[in-house]
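Going by this note's numbering, 49 is the number at position 48 of the sequence shown; the sequence numbering is gapless.
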Amino acid sequence: MPEPSMYKFCWVAFNLVVIIGVFAYLFYVPYVLKKILAKIEGIEKFIKENHLDK
């Protein structure tokens, strides 16, 4: 059995990783979604412009 202090340290470290991961996810995902949405809007505009040209 591991010592209680080591177990506690592992649990705290695990929680810190999870919290950092959640914050990174919350800040990173909206940034990526904005980039993807901008690309999709650009593609839609491009398609509409091409259809208007025809």
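Just so you know, even glycine gets a beta-carbon here, dropped at the ideal spot from N, CA and C.
For K46 and Y32, the gap between their C-alpha atoms comes out near 21 Å.
DSSP places E45 within a helical segment (H, G or I) once states are collapsed to three.
In the three-state scheme derived from DSSP, where H, G and I count as helix and E and B as strand, E50 is classed as helix.
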